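Taking it in order: structure first as structure tokens, then the write-up.
Residue numbers (full-length UniProt numbering): 1 to 154.
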């Protein structure tokens, strides 16, 4: 088990003494995905509510949009958490979050009493976009490192 007091490198995860423990790396990914897992499961179990949400935001056709968003939220989270094309799942959630932020959190159009909360949500979602971009970057960098190491061994 790595020493928890070890300095962590930005792209580190794994079992080396200079890397983030695997369980902590996975927990961080789970926390990053938590809202999308919850959102996808709620939409799945209350599909009528999911369709109403699409209609509320002017997204049509509402039923296919709701299905697509459920598949995106749950599928991309599975990719990230299982490590299968993690970079692609992270980029998908980054793009989705960025688009959804501009649809649902247009604080500049909100009445003054709602502006603060909407602006807060807007910038929090931008932070999630940044987090997913870092996940994609890290995964692609790690893949490149492994490929280079495999080629060096030949």
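The C-beta atom is built at its ideal place from N, Cα and C for all residues, glycine as well.
Small disclaimer: the values here were computed from a predicted structure and weren't measured.
Separation of residue 138 and residue 39 (C-alpha to C-alpha, rounded to the nearest whole angstrom) is 25 angstroms. Here the C-alpha atom of residue 100 lies approximately 25 angstroms from the C-alpha atom of residue 83. For residue 58, the three-state secondary structure derived from DSSP is coil. Where residue 102 is concerned, the enclosing alpha helix (DSSP H) starts and stops at 86-104. Out of 125, 107, 123, 29, the CA that lies nearest to the CA of residue 78 is found in 29. Around the beta carbon of residue 123, fewer than 16 other beta carbons sit within 10 angstroms, so the residue counts as exposed. The beta carbon of residue 132 sits closer than 6 angstroms to those of 90, 93, 94, all from its chain and outside the five residues before and after it, given in chain order. Rounded to whole angstroms, the gap between the alpha carbons of residue 86 and residue 107 is 32 angstroms. For residue 118, same chain residues with a beta-carbon under 8 angstroms away, outside a window of 5 residues either side, are 105, 106, 107, 110 in chain order.
Taking every protein chain shown into account, the CB of residue 43 has 16 or more other CB atoms within 10 angstroms, so this residue is buried. By the criterion of a C-beta distance shorter than 6 angstroms, residue 66 is surrounded in its chain by 50, 51, 54, once the five residues flanking it on both sides are discounted. When the alpha-carbon of residue 135 is set against those of 146, 112, 32, 71, the nearest one is in 32. Between residue 129 and residue 88, the C-beta gap is not smaller than 8 angstroms, which leaves the two residues out of contact.
For residue 140, the enclosing alpha helix (DSSP H) starts and ends at 112-153.
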